[in-house]
């Protein structure tokens, strides 16, 4: 029974610790399906509605700034 | 302020991840995209509170998650029932157990409690560390670990996977076992 050592010390705060995924690594059957499910959604192109939303927010901000200036 | 175009560009680059997380929380794509839209508007409004150099993805996930639970509280049970029906429509035929495709996986995922499902997604799919996931969910690291562990056990149970392990060749045999009816 080999237990992975508990990492409780703050001495190793590297973001690389994200790899410690508790039996959800890429070789786990559930881990694989989870990734496949998630990536399936994430692989879809960003809908235009979001791009135009950000465009509109950006424009609105620029407009309000320039109108304050004048 | 030269950093605003960057903020927008980074926001766009994280949208696919936000959608995948939102879909796993909300159960339907329509609701997921509404959540993402709310998240983008809120993030834009409070972009001055974001500290450059910190994790924008985690910051956005936190906003989206808060938005989801706020909506859940407002709408109450009604929403859950509607989602339940939607999930069933998405799920297809439950008797096709041998055919473990994405829909079967989705259906199993829907049966997890919200807190376990989000922990599983954040750690197993979104690529966050336990510490980051704990920040996003506002709970202790140990809580995230135990939620992931319970979620994993439950998923293995629901999908009929035995001995789902991370230790090399075992995963191949467990996939074969997973297709057979549970003994």
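Chains as they are written, first to last, in this note's numbering: chain A, 1 to 70; chain B, 1001 to 1183. Here a beta-carbon is modelled for each residue, glycine too, at the ideal position from N, C-alpha and C.
- Below the 9 Å Cβ cutoff, chain B contributes no neighbours of residue 48(A), its closest Cβ being approximately 12 Å away.
- Straight-line measurement puts the Cα of residue 60(A) at about 43 Å from the Cα of residue 31(A).
- In chain order, 1067 place their CB closer than 6 Å to the CB of residue 1038(B), counting only its own chain and leaving out the 5 sequence neighbours on each side.
- If you check the CB distance, residue 1061(B) and residue 1018(B) come in under 9 Å.
- Not flagged as an interface residue toward chain A: residue 1110(B), since no C-beta distance is shorter than 9 Å.
- Per DSSP, residue 1139(B) is not a residue of any alpha helix (DSSP H), being assigned neither H nor E.
- Remark: C-beta atoms of residue 1040(B) and residue 1026(B) do not approach each other more closely than 9 Å.
- Under the DSSP assignment, residue 32(A) falls in the alpha helix (DSSP H) whose first and last residues are 29 to 42.
- When 7 Å is used as the limit between beta carbons, residue 1008(B) is near these residues of chain A: 54, 58, in chain order.
- Under the three-state reduction of DSSP, residue 1161(B) is assigned to coil, being neither helix nor strand.
- Fewer than three beta-carbon pairs drawn from the segment 44 to 57 of chain A and the segment 1115 to 1126 of chain B are found closer than 8 Å, and the two stretches are therefore not classed as touching.
- When the beta-carbon positions are compared, residue 1121(B) and residue 1130(B) stay at least 9 Å from each other.
- The beta-carbon of residue 1136(B) is placed no less than 9 Å from the nearest beta-carbon of chain A.
- Looking at 1031(B), 1119(B), 1128(B), the one whose alpha-carbon comes closest to that of residue 1144(B) is 1119(B).
- Taking C-beta atoms as the reference points, residue 42(A) and residue 1020(B) count as a pair closer than 9 Å.
- The C-alpha of residue 1146(B) is placed about 19 Å away from the C-alpha of residue 29(A).
- With a cutoff of 9 Å on beta-carbon distance, residue 1012(B) and residue 54(A) are scored as near each other.
- Around the beta carbon of residue 1024(B), 16 or more other beta carbons sit within 10 angstroms, so the residue counts as buried.
- Judged by their CB atoms, residue 1105(B) and residue 1064(B) are not nearer to each other than the 9 Å cut-off.
- Within chain A, no residue has its beta carbon less than 7 Å from that of residue 1107(B); the closest one is some 11 Å off.
- For residue 1125(B), the C-beta contacts it makes with chain A under 7 Å involve 34, 35, 38, in order along the chain.
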